[in-house]
Ligand SMILES: [Zn+2]
């Protein structure tokens, strides 16, 4: 473990390496306790590097066993080796030489899940961002591109399967029951994309023929007996491969493409060239064990990692500051894929809800950073919603500004110009400037400036002059180390909705560039006059969430009610209703805090009922309409002096009001959605189940007893309905016989299916009762729970901190203590997951005084501990700053 506080890396300090490594041959003598790694590096001194430049290679917890240059041992006086670094001062005079490094690594005692480790008896690797240096000393930076040849040998029984990047070359038997395999990857790649997997696994195979006729063998490797649960992932993979050809003209380039599912994994999945390694949660699915949300996630993540083959692997990042170059762009691509495969409107609403839930708090708190950060202490802490999700929004805006055709031309130019290179955001934007002839200087601020812009807006209609005047003003709030902000280029899609619900035409617009239904905001203030508007319109703005901003408009309730019923853009309909719900919940929680009963307007409740029953709307959309903003959503909108208990009470009161008003409607709708057809994970069926689950909660609340949920739980033939019913039973009836019996039955049924037991942990972690903290503490003692497995930790402790607002923020500070205890216990074995968990405290300053003080004291206590990992120390320091 690294214990030093760590240097700060700065974008402006980037220097090209003095040495290159165009080729590397790796040889692994695999053994769980002690693996010997022999790396033969073809090293080249860079063109303009001085002859006497030392060669400094990165390491992490390494033991050097041997060091040779061109076959001869390097004298001890010529180099210095520590676990973290290998520096060689005396090097051959010729520009190119062969460096052989032998290191010894300990896979089975590697609990960080970085570098080479063992998961359920399977050797696997994770190298992004800086895990390769835990395998051998190397120039472990993404701009060093090498052609890899990998030879592995292992016990044939324990590891009949030997996989690495690229194409298989050779394999055979060895003495003592061992065997070997050699793989070669012809595409130069950075070390973070290296991977190997060795073990005994089952496989599902298939093949794919690319547009130009190349046959690709596909394999998905899972634990024996779980092969059938990989069928959906395989289907998603083939659809992704086809889609990338059709939408972006990108073909796959190797003879094989393999995916391996492992059960101990820090992240979702990893795009290693030709050998993706996945958290098994994002591969395994069937009706019995996976919800519709799981199916959708699998489809999206399989696609995401596959799409990286071009956006990330063929064209990679020059340095880690450019992480959004591959991530933001690839998230945008996987969003587009899911939108094409499913419902575009529903997908977009889901994206925006996730952005607001995860990225907005980041932008508003102490961990705020630009999409392309300028400094970091620990790069692992920058795999954030800002880099990924906001990074994707920036690419989406680019498309909105340029239009579909020019956007595609820019992408084509980017691929053509930079294939095989490690590049920057500037290179990326330049391709779009060159392809479109447009100047993107101001737009580039989206990459460089942190914070969510505020857009304030008001409008007035002059019936005599037939003009609509819209005043718009932008501001970007200060963020850590950035107090003065520059003005952004904000594309706002809009419409003027007429009295009949259709968009009104206008003759001209002055005061800003307005084209193709988009207002381009580039100054602080714009007064835009639309002329020739024949009736008073309702101004519908930021349609489709064209820009990731916070909108403050004058807010006539009648206009919002109108847009929620009539806007032609489904996102805006949902947004109008969500704004109404949020405003009413803020007012209600204020009332609760002041000791009053919350009250809700009848027309709002009626609107929700009408939309829920509107058969012309997609079922998935209707489910979203009935889903109230979460407690965390409301807290974020309130922004300061937050009392989570008051929000909880207010939200519960609104749920019950709607439930009472809709009792009959919901009962009929719920029954009518029942379906006897065999399970199918398609979007339409998933939408129907989503609506059924949403209605069930209202039904149960309206009836005041758990019968309907109990019935659905007992009768369900799929996980979506079973888990949906269990969630309701746990939320509202956990201390009754029905609640207890259902939880016990679920545990019994899935006692041998870890991924499903995670749902059982998750559902209990969300119960908002007074005993929540002790329940979670007791579940940590359950045989299924383990701090060593990130999925278990995220299911129980992660869910508790993110989705149980009243318990995590309990007034006595015990919720904070539970999370802090877990973070500290975890830090010694898996710093990356510990640091991620600690970000739950990022909004601590926005709470009311008592809770704020509890959080501050615990954070200060944690930060003062000895031997914190660099990952955790960095998060704590920034959170407290
Ligand atoms: Zn990615």
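Residue numbers (my numbering): 145 to 1025.
Cβ coordinates follow ideal geometry from the N, Cα and C atoms, glycine included.
C-alpha of residue 473 to C-alpha of residue 535: approximately 7 Å in a straight line.
In the three-state reduction of the DSSP assignment, residue 519 falls in the strand class. For residue 768, the three-state secondary structure derived from DSSP is helix. A distance below 7 Å between beta-carbons, with the five flanking residues on each side excluded, links residue 689 to the following residues of its chain, in chain order: 492, 496 and 715. If you draw a 10 Å sphere on the C-beta of residue 294, you find 16 or more other C-beta atoms in it, and that means buried.
As summarised for the segment 651-699, the continuous beta strand (DSSP E) elements at least 3 residues long and confined to that stretch are 652-654, 657-659, 662-665, 669-675, 682-685 and 694-697, given in chain order.
Residue 165 is positioned such that its CB atom lies closer than 7 Å to that of residue 185. DSSP places residue 441 inside the alpha helix (DSSP H), whose first and last residues are 436-451. For residue 760, there is no enclosing beta strand (DSSP E), since its DSSP letter is neither H nor E. Apart from the 5 residues on each side of it in sequence, residue 330 sits with its Cβ closer than 7 Å to the Cβ of 291 and 310 in its chain, given in chain order. For residue 1019, no beta strand (DSSP E) run applies; the uninterrupted alpha helix (DSSP H) run containing it begins and ends at 1014-1024, by DSSP.
A contact between stretches requires three or more CB pairs, one per stretch, nearer than 8 Å, and the segment 599-606 fails this requirement with the segment 495-511. The alpha-carbon separation between residue 639 and residue 713 amounts to approximately 9 Å. The straight-line gap separating the alpha-carbon atoms of residue 236 and residue 526 is approximately 39 Å. Here residue 364 is buried. Its C-beta has 16 or more other C-beta atoms within 10 Å.
Counting C-beta pairs with one atom in each stretch, the segment 697-711 and the segment 611-622 have fewer than three that are closer than 8 Å, which means they do not touch.
Using a 10 angstroms sphere on the CB of residue 743, the tally of other CB atoms stays under 16, which defines it as exposed. Between residue 635 and residue 658 a beta carbon distance of about 11 Å is seen, past the 8 Å cut, so the two are scored as non-contacting. In this structure the segment 734-742 does not lie against the segment 666-673, because fewer than three pairs of beta carbons, one per stretch, are closer than 8 Å. With contacts defined by Cβ atoms closer than 7 Å, residue 959 and residue 951 form a contacting pair.
Here residue 878 is buried. Its C-beta has 16 or more other C-beta atoms within 10 Å. At the C-beta level, residue 174 and residue 267 come within 7 Å of one another. Taking residue 312 as the centre and dropping the five residues before and after it, the same chain places the C-beta of 327 closer than 6 Å to its C-beta, in chain order. Residue 777 and residue 300 have their C-alpha atoms spaced approximately 53 Å apart. Setting aside the 5 residues that flank it on each side, residue 314 is surrounded in the same chain by 326, each with a C-beta closer than 6 Å to its C-beta; the list follows chain order.
Ligand 1 has a heavy atom closer than 6 Å to the beta-carbon of residue 474. Per DSSP, reduced to three states, the secondary structure at residue 915 is coil, with no helix or strand assignment. Our two residues, residue 999 and residue 985, have alpha carbons roughly 7 Å apart in a direct line.
Cβ-Cβ distances below 8 Å link residue 553 to 579 and 580 in the same chain, with the five nearest sequence neighbours on each side left out; the list follows chain order. Ligand 1 has no heavy atom closer than 6 Å to the beta-carbon of residue 570. Linking residue 843 to residue 305 through their CA atoms gives a straight-line distance of about 52 Å. Under DSSP, the beta-bridge partners assigned to residue 263 are 266.
By the criterion of a C-beta distance shorter than 8 Å, residue 775 is surrounded in its chain by 788, 791, 792, 795, 949 and 950, once the five residues flanking it on both sides are discounted.
Burial is judged here by how many other beta carbons sit within 10 angstroms of a residue's own beta carbon; residue 628 has fewer than 16 and is exposed.
A residue is called buried when at least 16 other Cβ atoms come within 10 angstroms of its Cβ; residue 625 does not meet this threshold and is exposed.
DSSP places residue 741 outside both helix and strand once states are collapsed to three, so it counts as coil.
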